[in-house]
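Working notes, beginning with the structure itself.
Protein chains in written order, with our numbering: chain C, 2 to 203; chain V, 224 to 541.
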């Protein structure tokens, strides 16, 4: 029997589910705002605005909690990338997901106490949490307080550019979430990774 | 030529070129009427005026009634700047002291001059009057509510048609509404009621300050008319636009109102819907981008298909 690893501490699980829930709310309210229509309203505009703003603030608080948690616990080390070997590792992992997995090969980077993420997970999580999420949050607050935005940036209205950045970052994270949920089904059983994020044990 | 004089030449040339637009503008802006109007503006253009009191036999300095004070700078920028005062006011005003009965003289309305005139046909004055007569301004008030209540004859100038700066158009047009709705003295010329505080009545509006600075009152409070540039049928407050999506959508109401005079093309070369808005502003829901929509649809679709194929292959090779 495989040894069970305690990889997901309580604070991380709480953050993860709060983040997931409010990201979904932000996604649906954001889509409703972006594609608002008189004929086919998804969510009433003013309600969508309120929910989007409140969820955004909660998500931001959660994100700060995540950063603090990673700074002061050993969870942060799982996000450190070794740039000198990352490309080779990515190719290996990519080959596994597109070929090896169907041939029942063993994962090239099995999970242990020192390595919670495979290289593809690591690079995508770093991109999502340390690049896209800050962009999404900062641009989101810019849209809540448009008076703080510059009037014009490179001949484009500051608020328009911020809106565009916010939408692109939100879309990229939505695609990330879709892939993330699917890859979570690649475990011992399709639901084992979801259970791990509830009880903390992998 | 001496060295010092050579150095002076570019300086003189620069000064001339710098002054040229100012000189041209000054010549163009001061109309012929100015010299004739000077006799009136000598008193009505200043806070204090002087006259000779024959009874006491001395020069008197007095304060001008603020309601009869004309800002000559504003007047010579207004639509009616070429007018001589006596074009609209009785020529008897040339005499001083003015006859008290002159105050009772009837005032002209827009249609008195502009009605049925082909020169002004594109402004659709008849249609504007028709809308105004159907508006709450006309139906809920007496005939005392005239064009001049909103359009000060001594300072009014067309704004939306000849100003590319939408922000300035918004401020100018909203100031017209607020000249009554935020000024109890003028408001109570027609009613004994206290004017409601617009900040309180619009408390429900999210991001109120932003809305007030980015759209005009008439965007929500008038019925849109396709024929005229600025709608004049101000409606009851119950009929005002309250649904956000009427502006925040691809078929934004603002394209038929605030941005009507701008290009009405649906999509710019960069693919933005209602692109004319983008010059100054950004309206969530109205400024979605066609190409971004297509790209996001393709990326999302491909991701979804990729996941389905991967899942099927996993299932087959289980």
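Where a beta carbon is used, it is the ideal one built from N, C-alpha and C, also for glycine.
Along chain V, in chain order, which residues have C-beta atoms closer than 8 Å to that of residue i?
{"i": "residue 164 of chain C", "result": "505, 507, 510"}
{"i": "residue 9 of chain C", "result": "Ordered by position in chain V, no residue passes the 8 Å Cβ test against residue 9 of chain C, which lies about 24 Å from the chain."}
{"i": "residue 180 of chain C", "result": "526, 530"}
{"i": "residue 183 of chain C", "result": "530, 533, 534"}
Against chain V, with Cβ distances strictly below 8 Å, would residue i count as a contact?
{"i": "residue 35 of chain C", "result": "yes"}
{"i": "residue 103 of chain C", "result": "yes"}
{"i": "residue 4 of chain C", "result": "no"}
{"i": "residue 42 of chain C", "result": "yes"}
{"i": "residue 154 of chain C", "result": "no"}
{"i": "residue 50 of chain C", "result": "yes"}
{"i": "residue 127 of chain C", "result": "no"}
{"i": "residue 172 of chain C", "result": "yes"}
{"i": "residue 108 of chain C", "result": "no"}
Cβ closer than 7 Å: which chain V residues qualify as neighbours of residue i?
{"i": "residue 46 of chain C", "result": "467, 468, 471"}
Pull up the distance between the alpha-carbon of residue i and that of residue j, whole angstroms please.
{"i": "residue 409 of chain V", "j": "residue 296 of chain V", "result": "23 Å"}
{"i": "residue 130 of chain C", "j": "residue 64 of chain C", "result": "8 Å"}
{"i": "residue 12 of chain C", "j": "residue 511 of chain V", "result": "38 Å"}
{"i": "residue 23 of chain C", "j": "residue 400 of chain V", "result": "42 Å"}
{"i": "residue 25 of chain C", "j": "residue 298 of chain V", "result": "58 Å"}
{"i": "residue 52 of chain C", "j": "residue 27 of chain C", "result": "8 Å"}
{"i": "residue 385 of chain V", "j": "residue 378 of chain V", "result": "16 Å"}
{"i": "residue 257 of chain V", "j": "residue 310 of chain V", "result": "13 Å"}
{"i": "residue 402 of chain V", "j": "residue 164 of chain C", "result": "34 Å"}
{"i": "residue 463 of chain V", "j": "residue 456 of chain V", "result": "11 Å"}
{"i": "residue 437 of chain V", "j": "residue 450 of chain V", "result": "24 Å"}
{"i": "residue 332 of chain V", "j": "residue 380 of chain V", "result": "16 Å"}
{"i": "residue 243 of chain V", "j": "residue 521 of chain V", "result": "Low per-residue confidence applies at residue 243 of chain V: pLDDT is 48, beneath 50, and the placement is therefore not dependable, though the value from the model is reported in the following sentence. If I take the Cα positions, the gap works out to 57 Å."}
{"i": "residue 70 of chain C", "j": "residue 79 of chain C", "result": "12 Å"}
{"i": "residue 57 of chain C", "j": "residue 141 of chain C", "result": "7 Å"}
{"i": "residue 539 of chain V", "j": "residue 135 of chain C", "result": "40 Å"}
{"i": "residue 528 of chain V", "j": "residue 354 of chain V", "result": "56 Å"}
{"i": "residue 192 of chain C", "j": "residue 508 of chain V", "result": "38 Å"}
{"i": "residue 293 of chain V", "j": "residue 161 of chain C", "result": "42 Å"}
{"i": "residue 182 of chain C", "j": "residue 174 of chain C", "result": "12 Å"}
{"i": "residue 275 of chain V", "j": "residue 392 of chain V", "result": "44 Å"}
{"i": "residue 413 of chain V", "j": "residue 364 of chain V", "result": "7 Å"}
{"i": "residue 188 of chain C", "j": "residue 194 of chain C", "result": "6 Å"}
Answer with yes or no whether the minimum CB distance from residue i to chain C is below 8 Å.
{"i": "residue 422 of chain V", "result": "no"}
{"i": "residue 201 of chain V", "result": "Only positions 224 to 541 of chain V appear in the structure, and residue 201 of chain V is not among them; the question remains open."}
{"i": "residue 380 of chain V", "result": "no"}
{"i": "residue 530 of chain V", "result": "yes"}
{"i": "residue 520 of chain V", "result": "no"}
{"i": "residue 439 of chain V", "result": "no"}
{"i": "residue 376 of chain V", "result": "no"}
{"i": "residue 537 of chain V", "result": "yes"}
{"i": "residue 419 of chain V", "result": "no"}
Taking Cβ-Cβ distances shorter than 7 Å, what residues in chain C pair up with residue i?
{"i": "residue 348 of chain V", "result": "What residue 348 of chain V touches in chain C: nothing, since even the nearest Cβ is about 32 Å away."}
{"i": "residue 433 of chain V", "result": "147"}
{"i": "residue 523 of chain V", "result": "176"}
{"i": "residue 429 of chain V", "result": "47, 50"}
Around the Cβ of residue i, are there at least 16 other Cβ atoms within 10 angstroms (buried) or fewer (exposed)?
{"i": "residue 340 of chain V", "result": "exposed"}
{"i": "residue 342 of chain V", "result": "exposed"}
{"i": "residue 345 of chain V", "result": "exposed"}
{"i": "residue 97 of chain C", "result": "buried"}
{"i": "residue 325 of chain V", "result": "exposed"}
{"i": "residue 362 of chain V", "result": "exposed"}
{"i": "residue 388 of chain V", "result": "exposed"}
{"i": "residue 16 of chain C", "result": "buried"}
{"i": "residue 368 of chain V", "result": "buried"}
{"i": "residue 92 of chain C", "result": "exposed"}
{"i": "residue 432 of chain V", "result": "exposed"}
{"i": "residue 203 of chain C", "result": "buried"}
{"i": "residue 105 of chain C", "result": "exposed"}
{"i": "residue 152 of chain C", "result": "exposed"}
{"i": "residue 444 of chain V", "result": "buried"}
In the DSSP assignment, what are the bridge partners of residue i?
{"i": "residue 202 of chain C", "result": "C/7"}
{"i": "residue 272 of chain V", "result": "V/285"}
{"i": "residue 157 of chain C", "result": "C/154"}
{"i": "residue 83 of chain C", "result": "Residue 83 of chain C is not bridged to any residue."}
{"i": "residue 113 of chain C", "result": "C/116"}
Interface residues of chain V around residue i at Cβ under 9 Å?
{"i": "residue 29 of chain C", "result": "Those do not exist, as residue 29 of chain C stays about 14 Å from chain V at its closest Cβ, beyond 9 Å."}
{"i": "residue 38 of chain C", "result": "468, 472, 473, 474, 508"}
Name the chain C residues that come within less than 9 Å of residue i, Cβ to Cβ?
{"i": "residue 540 of chain V", "result": "102, 103, 104, 105"}
Compare the C-beta of residue i against all C-beta atoms of chain D and say whether one is closer than 8 Å.
{"i": "residue 22 of chain C", "result": "No chain D is present in this structure, whose protein chains are C and V."}
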